[in-house]
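Presented below is the structure to which this report refers.
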Ligand code: C5P
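Numbering (this note's numbering), first residue to last: 181 to 414.
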């Protein structure tokens with residue numbers, strides 16, 4: 181299966197399941213984020229995982245280690261294939277997430293979900309980092325947090341297209357890099373994504389999974405759009 185994870189950024193279970201039904205077989209999985217999860221809860225995740233779909237549950241947990249461990253355990257009960265936590269929650273929190281994933285999955289006899297770190301939100305620039313007391317540049321802080329995530333036992337990080345190469349160099353070939361901000365050739369600058377790469381450029385730079393939303397979900401024919409991108413990736 182290819183590397184495409186489709187962001188189901190919709191507000192209802194019906195719309196999400198309709199999109200997934202249209203796309204099944206053409207993509208590697210679906211990303212469910214805070215909008216859909218807050219509207220519909222874990223049932224919408226189970227509705228997909230029970231059909232055999234891979235779901236990246238993008239809830240970006242960030243809390244005390246015990247609470248994050250509990251959230252990861254609850255995520256496993258939904259059948260999520262990938263979950264994420266804020267790396268800025270620190271090593272102890274990330275280790276608790278990784279341990280909870282491993283132990284709870286073993287207890288239930290299922291494959292543990294990939295646990296992925298969020299480094300620096302792309303909405304934050306150097307001034308925003310300075311405001312919260314970080315003196316590093318954005319890229320330095322991203323690479324610092326990616327290393328911390330790897331050392332804490334996480335499986336990878338979410339990274340913008342501009343950050344892929346530096347993280348790949350710092351964290352090695354087996355660390356998963358999940359990359360949003362992807363626009364097919366000819367669609368750069370569309371929507372609100374300022375800095376984009378094409379799917380092929382992102383893979384060449386070292387991305388493991390591509391999170392793609394509107395270029396597929398807002399297309400008049402989402403399946404054809406996904407097939408086009410998949411074909412470009414080979
Ligand atoms: O529609 P589009 O392809 O821009 O969707 C990208 C998805 O990835 C959205 O769910 C968005 O919230 C998410 N994302 C992003 N940039 C980040 C982190 C997450 O676009 N830095």
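Backbone N, C-alpha and C define an ideal beta-carbon position, used for all residues, glycine too. Since the structure is predicted, the reported quantities are computational estimates derived from the model, not experimental observations.
Is it the case that the stretch 181-199 contacts the stretch 389-402, given that we only count it when at least three CB pairs across the two stretches are under 8 angstroms? yes
Buried or exposed: residue 244, going by 16 or more other Cβ atoms within 10 Å of its Cβ? In the chain shown, residue 244 corresponds to position 64, counting from 1. By the neighbour-count rule (16 or more Cβ atoms within 10 Å), residue 244 is not buried but exposed.
With a threshold of 7 angstroms (Cβ to nearest heavy atom), would residue 150 be considered close to the ligand C5P? Here the chain comprises residues numbered 181 to 414, so residue 150 is not present and cannot be evaluated.
Residue 294 versus residue 241 - alpha carbon distance: For the purposes of this step, residue 294 is taken as the residue at position 114 of the chain shown. For the purposes of this step, residue 241 is taken as the residue at position 61 of the chain shown. For residue 294 and residue 241, the distance between alpha carbons rounds to 14 angstroms.
For a test of your reading of the model: does the CB of residue 302 fall under 7 angstroms from any non-hydrogen atom of the ligand PLP? Yes or no. Of the ligands this structure carries, namely the ligand C5P, none is the ligand PLP.
Which class does residue 182 belong to by DSSP, given the choice of helix, strand or coil? Counting from one through the chain shown, the residue named residue 182 turns up at place 2. DSSP places residue 182 in coil when its eight states are reduced to three.
How about residue 319 and residue 359: do their beta carbons lie closer than 8 angstroms? Within the chain shown, numbered from 1, the residue matching residue 319 stands at position 139. Within the chain shown, numbered from 1, the residue matching residue 359 stands at position 179. Contact: no.
Tell whether a beta-carbon distance below 8 angstroms holds between residue 225 and residue 250. Within the chain shown, numbered from 1, the residue matching residue 225 stands at position 45. Within the chain shown, numbered from 1, the residue matching residue 250 stands at position 70. For residue 225 and residue 250, no; Cβs fall outside 8 angstroms.
Taking DSSP's pairing of strands, which residues face residue 209 in a bridge? What you label residue 209 is simply residue 29 of the chain shown in a count that begins at 1. The partner list for residue 209 (beta bridge, DSSP) reads 185.
Please give the ranges of any alpha helix (DSSP H) in the stretch 249-309, keeping only runs that are unbroken, at least 4 residues long and fully inside the region. 271-288
Candidates 254, 307, 269 and 306: which alpha carbon is nearest residue 283's? One-based indexing of the chain shown puts residue 283 at position 103. Minimum Cα distance to residue 283 is reached at 254.
Contact check, residue 349 vs residue 299, beta carbons under 8 angstroms: As a position in the chain shown, residue 349 is number 169, starting the count at 1. As a position in the chain shown, residue 299 is number 119, starting the count at 1. Going by C-beta atoms, residue 349 is not nearer than 8 angstroms to residue 299.
Give the straight-line distance between the Cα atoms of residue 216 and residue 192, rounded to the nearest whole angstrom. Residue numbering aside, residue 216 sits at position 36 when the chain shown is read from its first letter. Residue numbering aside, residue 192 sits at position 12 when the chain shown is read from its first letter. Cα to Cα, residue 216 sits roughly 6 angstroms from residue 192.
How big is the Cα-Cα spacing for residue 335 and residue 236? Here residue 335 refers to the residue found at position 155 when the chain shown is read from its first residue. Here residue 236 refers to the residue found at position 56 when the chain shown is read from its first residue. About 13 angstroms.
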